[in-house]
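Quick note, the sequence shown lines up with residues 121 to 1380 if you use this note's numbering.
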Amino acid sequence: MPNQLTEQKYGCIDEQRNEIHKALIKEYESLSDRASEQKIKLYNGILQQTLAEKYIYKFSLPKEPERKLEPDKPYILSIDGNTIKGSITAIPQDRLEVEITFYENFGRFIPALEIIIDLKDLIDLIDKRIVAIDKEPSKFKTETATFLFNPHPNAQVPILKKQLTHSLRNDSIKLSGEQIAAIDVSLKQKLTIIWGPPGTGKTITLQGVIAELLSNGQKVLFASNTNNAIDELLKGLIEKGKCPYNIFDRFSSEGKIVRIGSGTKDEIKEVFGSWEVAQQKSQEIQSEIRVIQEKIENEQKELKPIQAELKQFEYVKYLDEEIKKLIEKHSSIPSNQQYENWIEYLTKCKRYLSALLKECNDSKDTIIKIGSTAEKLKREKTKLTGINAIVHKDNAEIEETENKIAIIEKQISELSSNFLSSFFSRGKIANLNLEKLNLISKYKELKSNLETYKNQQKTEIENEAELSGQFVNNINLVSSVLARYDFNPNDTIKFFDHLDISLKLNPTKPFWILFGIEQKVIDNNLGESIFVFTEMEKITDKTLNEKYEQSVANMQKQIENNERYKKLCETTLLIKQKEFQEHKNLFSKPETYWNERKERVNQIQKIIEPFQSQLNFLNEKLRNIEKNVIKEAKLICCTLVKLSYDETLAECEFDTLVVDETSMVSLPQLYCTSSLVKERVILCGDHLQLQPISTSQSKVALKWLASSYYDYVEHGGELSVDSDDEFPEIKKKIRRKVRRAKILDKLKDYVSKLSNQHRMPPKVVDLIRLWYKIAGNDLNDEYKIPDDFKQFHLNGHFLSNDSDIFFIDTSSIRTYHSRTADRSPYNLINAAIVAEITRELVENYKVDLKNIRCISPYRAQYQLTSSLLFKFLPEKEYKEKLPNVASTVHKMQGDEAPIIFYDLTDGCQSGFTGFLKTEDFHIHNVAISRSQFKLIFIGDLKKIQKLREVNPKSAFNDILETLLNSAKIIDAKPYKEKIFKQFNEKDLINENIISLTEEQKNSLIILPSQLYYRFLENDINNAKHSILIVSPFVTKTRWNKLKKALLNFKANIDGTITIITRPPDKMFGGDQINMSAVEVLNEFLKQDFIVKVSPKIHSKLVVIDRGEDNAIAYWGSLNPLSFNDTDEINTRLADKGIVEQLVSMSLIGNIYPYKEVPLNKKLLPKHTAEAVKKQLDNFRRMLGGYYSRPFFAICSNDTIEKIIEFLPTNRDEYKLIPQFNRKNFVLWNHLDEIEEIIAPLREYYQNNRAIVRQTGLFDF
């Protein structure tokens, strides 16, 4: 699915439709965030029939019960990963089968099919219809929808005449005065609301309403939120052999009553199904179809054996290819000797590299000296170059000066050669002599400087020679080491790679190597070797050893794996060879034979082709007849879901819409459906029953998707902002406003009440009477025990008591409830007791399973109960009925049963789960009012009696006193002892060895805390392939307790260990990372565990060998990897189905791989003490939620201050703190966690004692 609605960017012109559009966008986004997609696998699809281009297959559901599938809803179908066009045609009642219609032929058999359920698909389809109405309102009856959502008394509607007598119907049912009055009103008003509490005869009243409408020539659309409500009304037309009204009989025989939808019950579909009616109206076509099908079948008599033979031949060819591949695979598996040789080679590599690393370490000083000598030598060379330049320059100047002096002396000599010339040139001679003197002075100075520089030159040459000697000697030392080891840089890098060590080389070589190459002291090959050698300094001996051990361990594992793989190959090869031998004779037939067979198949198929074309043509005619049947029908019955998107129904024109079970109807669906109707709307239901739900918490979504029609009109979908008192750290949420039972005010002019109830025993009615009285309906009892129920043989069972209500009290056995990641509570003990009593009634007292319903407000609890029912009752005998026994209260609305179990689910924890503490009474009203004979509550009675004190606003308080006065109390302890084998240490451990009988191994065992870890370690030691641990928190203490067993499993078994916990910054609330938890999680990764995290993990679970028939689960209140022992429920159970159910409930939500967090213990937040204080505060809040107690009662602010002030180092120092001294078991149980929080502060304080004294702890 795309990440947004198809019409997301469209803005509706109509304000109301635009609000609905926005609500659907928000819901779609919310579902996208929640990963709404789920997958269900179906198996063994067999082609049942072919209708035109429709191919109907019947598939089997998995063993585990699955109730998510519903006909009429759009699903994605996939075969081998390819999306296929098709839809769910039917889910037959009480059978684990599903009928699917495809639009292409996949042959006689489909091995497996995947159904992808994505709630977003339906949201998208409804939104498309809303947008379509907005774009072309003239195609729809928008006036009716507008009026329905804004009713007013001035609406004009044709008044219909009453045509029938209702006081005595054909089926002998006599309608009461209030039922007849409701029928009369519905003929006169544009909007009629029939308010019918449970058991007041809504269905037969609606039959009368629809009969009158049909008698007045109206085209009626009857819709409901559920298929069951529609089928119940239609069942009344055929059930007793007498139709209640003649008009139904007449219209049914004329095919004018049509039921559309895949979820239709078989007996209803046979009479009213649109396709079935079309077939009845086309007998001639049906006869033609039968003739053609007979011809096709005659041809297929020859075709099928040939196809089977060809298929067998193709399979034998496939076997031949597979055998060749297996032989090749087997021969390509390396021998153990090859692996041992490789291990020996790795050992040599390791020894060689270890020696080199030692030499590298020993040569570290020499390498440093080489670098420093090279730097000095470079400086000396630069300096000497400068001096040489100066000497050269001075020599040149001296030579030039000498030449100048010689020239001057020659001139003087020439001028002084005779007296006369000397007399006249005496001035010039004097000047030349002066110039000569200056040159001689300069000459002497240059000579002196030259001598000085020559002395410096000599010194620098000596220094350079000395440094060059040192540099060469050190290079020779390193190269002699390399020569000793016959060092090859490429081979060395390769050896490191073999041990999975990457020798990361710098992109440029060090200066001294380049300098050495430049000076011809080092050649290129030697430079490369020295470079690699010096880079080895980055590798430690510890790393080398660890990588070597890991590589050898991997090789040894590979040897074990290869042995297994060889055996698997050999076993598979034997099986395939044996199978090949059985059919080898097919290979003896010549190729011409097979070509002839193929040719014959083609010939027969060509004969069949025209018949198939005729069949398709006739089926197309049937489809057109079906369309006409729908158009001409006077009464069409369909779910609101289908009406919200079906194009064929959108083309029909209806006069009246009749809706049943209105309270749960989604407002966008009601808007879409009412837009198909031109005259009147009749809504039937009970506004005190359950309302719709939405996943989005946005205001607009709650207004349009989480409000009933009654709430919307009366209160405009008003919202409130509530906080979550069980989890105070969760931010405030916008919620639908919870209302106590209230009289309908704005709708009062449209309401017609039904008050005479026939379903519930009087004591059961008394429980809900107050809510209806407040809302303005005084229920009248006209209950009579049906004869069917009188035949229940319950003598000896507690239900044989005259009481209508029973309460199975679990307060004596301390049950415990946990939560799934999406916070749905579940209670294993409660579910097991309900399943056991159900088994008892069915097997010992012969009560038909269809007469029992086990309901809970919570999805996780009903799923767990369903799994336990499959364990407790023989599957073969009860397979068809088991999937429908357990249900949520929401799914049970509109249904009823003689015996109802209402599982409140709450455990012994002091806090209450959602539906017990809420002001919303609807859930309890629906649950209670399902009972026709016996109502059985199960819960902790002592805890519930404190409800008024703890949650005075809880709606359950309204019925509590009546419940206590009228219920027969049954102690749950005998059932617990019967189901759960509770053994003491002597029963299970002999001479310090755990010894279980076969019965004990397969029982549900309750273990005291002191035995929990001993049993867990024992089962880990016997694990075959996998261990899964779900623990919201992890600590070093618990890890150390299980470390030996887990590491032994990892060392000895080629299996997986998966740890699922919370992220380190979410373990104790807030965003502070718990570094102790990080240490443990990082160690898990080093041990090659699979580590995943989810912020909302709540369950505590260990599963050994998941997926095996002998899978084992440990479930309860004890965190496997955290916290000290508890005295609450710790259970060991061995049952594949229940184990899978617990896993599926534990792993809901966003789970992702944990990435290693770097440890840096020295770095603490700037305000260290304040940060630790915040961590302690978050931790106590988490404990408050965990123990369902006020967090300040567990650990006060003063206690936190004292812990930070004292920083205690032993138990005696902790006892100085008041709340510890008062034997606060919670704090003592979680001392390890407190220690892990304050340890960094204590360490930091000790390391910086002087600073702390000067500045003060909190300033520091």
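Think of the CB as a built atom: it goes at the ideal place given N, C-alpha and C, for glycine as much as any other residue. On a predicted model such as this, the values are computed, not experimentally measured, just so you know.
Whether residue i touches residue j by CB criterion (8 Å)
| i | j | result |
| --- | --- | --- |
| residue 229 | residue 166 | yes |
| residue 1024 | residue 1057 | yes |
| residue 463 | residue 601 | no |
| residue 364 | residue 338 | no |
| residue 797 | residue 261 | yes |
| residue 988 | residue 952 | yes |
| residue 1054 | residue 919 | yes |
| residue 619 | residue 480 | no |
| residue 1156 | residue 1129 | no |
| residue 763 | residue 769 | yes |
| residue 1266 | residue 1158 | no |
| residue 772 | residue 342 | no |
| residue 803 | residue 776 | no |
| residue 641 | residue 573 | no |
| residue 830 | residue 864 | yes |
| residue 800 | residue 277 | yes |
Residue i - DSSP class collapsed to helix/strand/coil
| i | result |
| --- | --- |
| residue 365 | coil |
| residue 936 | coil |
| residue 884 | helix |
| residue 1290 | helix |
| residue 299 | helix |
| residue 562 | helix |
| residue 673 | helix |
| residue 607 | coil |
| residue 469 | helix |
| residue 340 | strand |
| residue 133 | coil |
| residue 260 | coil |
| residue 1250 | strand |
| residue 1236 | strand |
Buried or exposed by the 16-neighbour rule on C-beta atoms within 10 Å, applied to residue i
| i | result |
| --- | --- |
| residue 668 | buried |
| residue 475 | exposed |
| residue 924 | buried |
| residue 554 | exposed |
| residue 828 | buried |
| residue 150 | buried |
| residue 643 | exposed |
| residue 384 | buried |
| residue 1182 | buried |
| residue 163 | exposed |
| residue 135 | exposed |
| residue 458 | exposed |
| residue 345 | buried |
| residue 1353 | buried |
### Message
Which complete beta strand (DSSP E) runs does the stretch 1032 to 1114 hold, if anything under 3 residues is left out?
### Response
1051 to 1059, 1088 to 1091 and 1100 to 1102
### Task
Take every Cβ of the stretch 1028 to 1041, pair it with every Cβ of the stretch 1068 to 1076, and state whether three or more of those distances are shorter than 8 Å.
yes
### Task
Count the CB pairs spanning the stretch 887 to 894 and the stretch 983 to 998 that are closer than 8 Å, and state whether there are at least three.
no
### Query
If we count Cβ pairs, one from each stretch, closer than 8 Å, do we get three or more for the stretch 676 to 692 versus the stretch 409 to 426?
no
### Task
Would you mind listing the beta strand (DSSP E) stretches within the stretch 1125 to 1170 that are 3+ residues and don't spill past its ends, in chain order?
1146 to 1150
### Query
Does the pairing of the stretch 602 to 615 with the stretch 560 to 579 give three or more beta-carbon distances under 8 Å?
no
### Task
Take every Cβ of the stretch 429 to 443, pair it with every Cβ of the stretch 633 to 649, and state whether three or more of those distances are shorter than 8 Å.
no
### Message
Please give me, in chain order, every unbroken run of the beta strand (DSSP E) with length at least 3 that falls completely inside the stretch 1300 to 1350.
### Response
none
### Query
Quick one: any contact between the stretch 1074 to 1082 and the stretch 1003 to 1021, if contact means 3 or more CB pairs under 8 Å?
no
### Query
Counting pairs of Cβ atoms below 8 Å between the stretch 713 to 731 and the stretch 425 to 434, do you hit three or more?
yes
### Query
Does the count of Cβ pairs from the stretch 680 to 687 and the stretch 506 to 523 closer than 8 Å reach three?
no
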